[in-house]
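One structure is given here, and the rest of the page talks about it.
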Amino acid sequence: MPNIAIIGATGAVGDVFLRVAEERNFPVGDLKLLATARSAGKTLKFKNKNIIVEEVSKASLENSDIVFCSATSEASKEWGPLIREMGSVMIDDGSAFRMDRTVPLVVPEVNAADLSWHEGIISIPNCTTTPLALALHSMRSISEPIKVTASTYQAVTGSGTAAVLELTGQLEALTQEKVIPQPTVYPQQIAMNVLPQVDEFDEGNYTKEELKMRNETRKILHLPDLPITATCVRVPTMIGHAETIHVEFQESVDLQEIFSTLSRQEGISISESPHEYPTPLTAEGNDLTHIGRLRRDETVEDNKGIVFWCVSDNLRKGAATNALQIAEELLKRNLLRGNNA
Ligand SMILES: NC(=O)c1ccc[n+]([C@@H]2O[C@H](COP(=O)([O-])OP(=O)(O)OC[C@H]3O[C@@H](n4cnc5c(N)ncnc54)[C@H](OP(=O)(O)O)[C@@H]3O)[C@@H](O)[C@H]2O)c1
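Terminal number for the sequence shown in our numbering: 339, no gaps in between.
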């Protein structure tokens, strides 16, 4: 069984990661739970065993076959090259290596074959990219997408534990009619509000999150020129990112055919009736990309456009589950590099 280390085990994703690994009965030899000095000495449970969190260090990573990194870009950049050098594999939840040409960016249902060329670092996509890539991949069997427009409605767990505390603190102050504490995670109050900014602003006045959706979707689908535009919005929900996605296809498409293809896709659940729809609460705690409100985009001529709503749990399929699925594929395909593979 592979020896495993988790950098960022005490975070929002780390916590879910341990539960999903238990649920999936993921094979684990030695397990190291790692974080910063802030959390060293804390105790976390895995399969009813108490494990003490250690500060990440070279020594703490030495015996690992797979290192799951769910921390910060700085941590990924600091430890990734060393993990690669030591002959193990880092599966990284962060954005540090996603666009690196030597690093596969993988949603297993879409492009597991890309794992064959990994050199020791594998990235998972941003949590809004994963459901988008999965849905587009499924529909490519009918016609190639030639333009994609997405708007997102992203939960606060997407920004980690500190953001959850910020939202709950603001809600508590509001209900007790106290002064709302100054936000530190988001640029403005998130309680009773929506913010059309996820991550920092970048080129062309898009945010980094919007550019991640564009660039990562292109890389996963091997469609480097696919026009994609996104507006990413933070909303005061806890778990589950929602998206409205408009797709224009090369050819005219039949809505029923799109429905049938999506309903056959592994990892997707689609509402039977056009008047039933999933919400973030539908997605919370499971690994499916839930799709609903599938209809024509009437701004596109010749029946070439569709629009739909989709929701998925950002901490599970958007992070922990996708990383574990990648590890399962590595084991199945015999693609680990360490001693216990
Ligand atoms: N949240 C999501 O929905 C989501 C989805 C996809 C990908 N991701 C990515 O997953 C990563 C973790 O996100 P999160 O939401 O779990 O964040 P989080 O709740 O803020 O947790 C961060 C974790 O990383 C640890 N950490 C921070 N700096 C570190 C360092 N320099 N060295 C080692 N450990 C360090 C923290 O340890 P301490 O306890 O010691 O502070 C904590 O365990 C990020 O890269 C994020 O982009 C998140």
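In this text, a Cβ means the ideal position worked out from N, Cα and C, and glycines have one as well. From a predicted model like this one, the values you see are computed outputs, not experimental measurements.
- [ ] Specify, as a first and last residue, the run of the beta strand (DSSP E) that Ser292 falls within.
- [x] Looking at the sequence provided, one finds Leu at residue 292 rather than Ser. First-last of the beta strand (DSSP E) with Leu292: 287 to 294.
- [ ] Kindly examine ligand 1 and report whether one of its heavy atoms sits closer than 8 Å to the Cβ of Gly92.
- [x] yes
Task: Per-residue DSSP class, three states only, for Thr227 - done: strand
TODO: Would you mind reading off the limits of the alpha helix (DSSP H) that contains Met211?
DONE: 206 to 219
- [ ] Check whether the Cβ of Ala240 sits closer than 8 Å to any heavy atom of ligand 1, and report yes or no.
- [x] no
TODO: If I'm right that Leu219 touches His135 with Cβ under 8 Å, what's the distance once you round it to whole angstroms?
DONE: 6 Å
- [ ] Apply the 10 Å Cβ neighbour rule to Glu282 and answer buried if 16 or more other Cβ atoms are within range, or exposed otherwise.
- [x] Under a 10 Å Cβ-count criterion, Glu282 is classified as buried, with 16 or more other Cβ atoms of the shown protein chains found around its own Cβ.
- [ ] Could you say which of Phe199, Glu107, Tyr204, Ile226 lies nearest to Ala148 if we only look at CA atoms?
- [x] Ile226
Task: 4-residue-minimum alpha helix (DSSP H) runs that sit fully inside the segment 131 to 179, ordered along the chain - done: 159 to 173
Open item on the list: Let's see if you can read the secondary structure: which residues bound the beta strand (DSSP E) around Ser86?
Closed with: First-last for Ser86: undefined, no H or E at that position.
- [ ] Have a look at Pro123, Leu224, Val233 and flag the residue whose alpha-carbon is nearest the alpha-carbon of Glu107.
- [x] Pro123
- [ ] Could you give the DSSP three-state label for Lys43: helix, strand or coil?
- [x] strand
TODO: With a 10 Å radius around its C-beta and 16 neighbouring C-beta atoms as the bar for buried, classify Gly39 as buried or exposed.
DONE: Classified as exposed, Gly39 has fewer than 16 neighbouring CB atoms from the shown chains inside 10 Å of its CB.
Open item on the list: I want to check one thing, is the minimum distance from the CB of Gly316 to the heavy atoms of ligand 1 below 8 Å?
Closed with: Residue side-chain check: Gly316 places its Cβ nearer than 8 Å to a non-hydrogen atom of ligand 1.
Open item on the list: Starting from Phe257, trace the alpha helix (DSSP H) in both directions and tell me its first and last residue.
Closed with: 253 to 262
Task: Reference Gln248, options Asp13, Leu29, Ser139, Lys45, closest by Cα - done: For the options Asp13, Leu29, Ser139, Lys45, the alpha carbon positioned closest to that of Gln248 is the one of Ser139.
- [ ] Could you spell out where the alpha helix (DSSP H) holding Val14 opens and where it closes?
- [x] 10 to 21
Task: Alpha-carbon spacing of Gln187 relative to Leu103, whole angstroms - done: 33 Å
Task: Backbone CA spacing between Leu322 and Ile289 [nearest angstrom] - done: 23 Å
Task: Proximity test, Ser71 beta-carbon vs ligand 3 heavy atom, cut-off 8 Å - done: Looking for ligand 3 in the displayed structure turns up nothing; the ligands present are ligand 1.
Task: Distance between Val101 and Leu329 (C-alpha atoms, nearest Å) - done: 18 Å
Open item on the list: So, under 8 Å CB-CB, Ser37 and Val51 are touching, yes? Tell me the CB distance rounded to an integer number of Å.
Closed with: Their Cβ separation, rounded to whole angstroms, is 5 Å, which keeps Ser37 and Val51 in contact under 8 Å.
- [ ] Examine ligand 1 and report whether any of its heavy atoms sits within less than 8 Å of the Cβ of Gly12.
- [x] yes
- [ ] Within the same chain, show all residues whose beta-carbon is closer than 8 Å to that of Asn338, passing over the 5 residues directly before and after it, in chain order.
- [x] For Asn338, the predicted model reports a pLDDT of 47, less than 50, meaning its position is unreliable; a value from the coordinates is still stated below. If we look at Asn338 and ignore the five residues flanking it on each side, its Cβ neighbours are Met(-1), Pro0, Asn1, Gly27, Asp63.
- [ ] Have a look at Gln195, Leu279, Glu214, Ser68 and flag the residue whose alpha-carbon is nearest the alpha-carbon of Thr205.
- [x] Gln195
- [ ] Mind the definition here: the segment 55 to 74 touches the segment 90 to 98 only if three or more C-beta pairs lie below 8 Å; say whether that holds.
- [x] A contact exists between the segment 55 to 74 and the segment 90 to 98.
- [ ] Leaving out five residues on either side along the sequence, give the residues of the same chain with a beta carbon under 7 Å from the beta carbon of Glu214.
- [x] Arg96, Leu103, Pro123, Asn124, Thr127
Open item on the list: Can you tell me whether Asn48 is helix, strand or coil according to DSSP?
Closed with: Strand, per DSSP.
Open item on the list: Just checking Asn312 against ligand 1 - is the residue's beta carbon closer than 8 Å to any of the ligand's heavy atoms?
Closed with: yes
Task: Cα-Cα separation, Leu209 to Ala228 - done: 8 Å
- [ ] Sort out for me which residues DSSP pairs Glu241 with in a bridge.
- [x] Thr150, Cys308
Task: For Val65: DSSP bridge partner residues - done: Ala3, Met88
TODO: Check each candidate in Cys308, Cys230, Asp252, Gln180 and name the one with the smallest Cα separation from Ile266.
DONE: Cys308
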